[in-house]
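Notes for the one structure printed next.
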Amino acid sequence: MYDLIIIGGGPAGYNAADHAGHAGLKTLVIEERALGGVCLNEGCIPTKTLLYSAKIYDYAKHSQDYGVKFENATIDHSFVIDRKAKVIKQLVSGVGAKLKKAGVEVVKAQAVIKERTADGFVVTADGKEYVGKQLLICTGSNPALPPIDGLADSLKSGYALTNREVLELKEIPKDIVIVGGGVIGLEMASYFNSVGSKVYVVEMLNKIAGPIDNEISTMLQKEYAQKGVEFILGAKVTSIKNNAVTYEKDGKLTEIKSDYALVSIGRRARTQGLGLENIGVILERGAIVTNEYGKTNVPGVWAAGDVNGKSMLAHTAYREGEVCINNILGKKDRINYNSIPSVIYTNPEVACVGETEETAKQKGLDVKIQTVTLKYSGRYVAENEHGNGVVKIITDKKHNNIVGVTIIGTYASEMIYGAAMMVETEMRVADVQKLVFPHPTVCEVIREAMFL
847 MYDLIIIGGG PAGYNAADHA GHAGLKTLVI EERALGGVCL NEGCIPTKTL LYSAKIYDYA
907 KHSQDYGVKF ENATIDHSFV IDRKAKVIKQ LVSGVGAKLK KAGVEVVKAQ AVIKERTADG
967 FVVTADGKEY VGKQLLICTG SNPALPPIDG LADSLKSGYA LTNREVLELK EIPKDIVIVG
1027 GGVIGLEMAS YFNSVGSKVY VVEMLNKIAG PIDNEISTML QKEYAQKGVE FILGAKVTSI
1087 KNNAVTYEKD GKLTEIKSDY ALVSIGRRAR TQGLGLENIG VILERGAIVT NEYGKTNVPG
1147 VWAAGDVNGK SMLAHTAYRE GEVCINNILG KKDRINYNSI PSVIYTNPEV ACVGETEETA
1207 KQKGLDVKIQ TVTLKYSGRY VAENEHGNGV VKIITDKKHN NIVGVTIIGT YASEMIYGAA
1267 MMVETEMRVA DVQKLVFPHP TVCEVIREAM FL
């Protein structure tokens, strides 16, 4: 008997377990594969490891712009992949140690919810039954794989890849077609472009980067087009077979031959085979329905992370898990999805929080839209010989508070948390004007913008 059973040991699950364990709850985590989930093993961390190596390589190739000269800089892709594995191993071990310290029990097996009894929720794993008074589901997501002609066979043959397989490639492909111009697709396009592959990005929409502000999306696309990435927008992929991707655009079919095709059109909540139907948990479009407190329709059953389909980001999962545990402990807590930042770790980086110009207009908000160059920052100019970064700030005219910020440029990922705090706390322009930003930093452009 446990106070809490958590199914899934990814960001939502392991962080929630740590909080629950330290709060005195007898907690069990059941994880089918490896602690850390997709983010740590197949997503956030391994991709950032690759992208950092690519960034150093880019610096080496263009170091003459800063008075530093290299000859014949090269990148060892197999070494990068091996280093990625080392980083993952270290961090996964850290998660395990963290849970052990919190007194959390971990079982490595596939979990299935059997039933609800008077004692609690019965979960089977590896032939054993476990009972929990409360149940927190954190099973994450899987890559979305549409019914494209030939895709299934191409995945089997190794020509088509998902985010999992692409991170295991031992050699740099001569050319790669990336199906999907969202975060995963763009980050992998960034890496392979930097290391010398010919990269094609085929996207069904007429823009890249999904919900990112249109102006910033266009700037990012222009940056990478200049680097040699070929963008094919407004195109529908009709087949992936015979080592080629075929797409339809303006009524015309075109085939691209390549070494590999990365399918990255999004992710879907992982709810199949969990036994949710045995206790009556409601799903919507395959995702578990939860409210702002993390509750499902079944009392005592909670869900956090990608499995609820709300905001498929690791940091959202962390917060959702915390919210669930706080409410289980009787501490009323809720998550504000309006102030969750998101980042694309390309080079330059893109980061945003809150409203964009487009969403503000869709909601009928009366806003002031201001786009300011990062060249207002002395540090940015000193460190970016050819940089064209900007910060775009959306201000509600009625209350004069910050409702949205998007940044493209150096350190965007490290600055966006400050903007998220401004959105979360509904800071007014006058409040930001009183803040003291360190100088010289790139982030002080945000304060500069308040006086323009």
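First residue of the sequence shown? That's 847 in the working numbering, and the numbers climb one at a time after it. Quick reminder that beta carbons are idealized off the backbone N, C-alpha and C, glycines included.
- Selection I934, Y1005, P1019, N1193 evaluated against A1071 yields N1193 as nearest (Cα-Cα).
- Here V969 really is in contact with I959; their C-beta atoms are around 6 angstroms apart, less than 8 angstroms.
- Here T1241 is buried. Its C-beta has 16 or more other C-beta atoms within 10 Å.
- In the three-state DSSP reduction, F1077 falls in the strand class (E or B).
- The three-state reading of DSSP puts P892 in helix, counting H, G and I together.
- Following the DSSP letters along the chain, one finds A998 inside the alpha helix (DSSP H) bounded by residues 997-1003.
- Residue ranges of uninterrupted beta strand (DSSP E) with 3 or more members, entirely inside the stretch 1088-1131 and ordered along the chain, are 1090-1095, 1098-1103, 1106-1109, 1113-1115.
- Short of 7 angstroms from the beta carbon of M1158, and not among the five residues preceding or following it, lie these beta carbons of its own chain, in chain order: S987, R1113, D1152.
- The Cβ-Cβ distance between A1115 and V1091 does not fall below 9 angstroms.
- If you draw a straight line from the Cα of T985 to the Cα of A1163, it is about 11 angstroms long.
- Per DSSP, the beta-bridge partners of R1274 are N1247.
- Residue burial annotation: G1097 is exposed, with fewer than 16 other C-beta atoms found within 10 angstroms of its C-beta.
- Sequence-distant partners of R1180 (beyond 5 residues in either direction) whose C-beta falls short of 6 angstroms from its own C-beta, in its chain, are E1138, Y1139.
- A check of alpha carbon separations from E1201 across V1269, T963, A990 identifies V1269 as the nearest.
- Every alpha helix (DSSP H) of 4 residues or more that sits fully in the stretch 1163-1233 is shown, in chain order, as 1203-1208, 1224-1229.
- In terms of Cα proximity to V1189, the closest of I1128, K1214, T1256 is T1256.
- Note that the C-beta distance between I1239 and E1272 is not below 9 angstroms.
- Pairwise C-beta distances place the stretch 1049-1066 out of contact with the stretch 993-1008, as fewer than three of them are shorter than 8 angstroms.
- Note that the C-beta distance between S1043 and D904 is not below 9 angstroms.
- Under the Cβ criterion (8 angstroms, minimum of three pairs), the stretch 927-942 counts as touching the stretch 889-909.
- Here V1269 carries a helix assignment [DSSP, helix/strand/coil].
- Listed as beta-bridge partners of V969 by DSSP are I959, Y976.
- Note on G1210: under 16 other CB atoms within 10 angstroms of its CB, so exposed under the neighbour-count rule.
- Unbroken alpha helix (DSSP H) runs of no fewer than 4 residues, entirely contained in the stretch 1027-1076, are found at 1029-1040, 1060-1072, following chain order.
- Looking at the DSSP output, E951 sits in a beta bridge with L874.
- In the structure shown, L982 falls within a strand segment according to DSSP collapsed to helix, strand and coil.
- For I1022, the enclosing beta strand (DSSP E) stretches over residues 1021-1025.
- Taking 9 angstroms as the cut-off, the beta carbon of A919 is found no closer than this to the beta carbon of T873.
- When V1169, N1184, Y1183 are compared, the shortest CA-CA separation from K1177 is found for V1169.
- In its chain, beyond the 5 residues on either side, N1234, V1236, I1254 have a beta carbon closer than 8 angstroms to the beta carbon of M1065.
- The three-state reading of DSSP puts N887 in helix, counting H, G and I together.
- Residue state for I1134 is assigned as strand, using DSSP reduced to three classes.
- Secondary structure note for I853: its beta strand (DSSP E) is the uninterrupted segment 848-853.
- The beta carbon of V1144 sits closer than 7 angstroms to those of I1125, G1126, V1127, all from its chain and outside the five residues before and after it, given in chain order.
- Exposed is the label assigned to H1232, since fewer than 16 other Cβ atoms lie within 10 Å of its Cβ.
- Annotation: the continuous beta strand (DSSP E) that includes N988 extends over 987-989.
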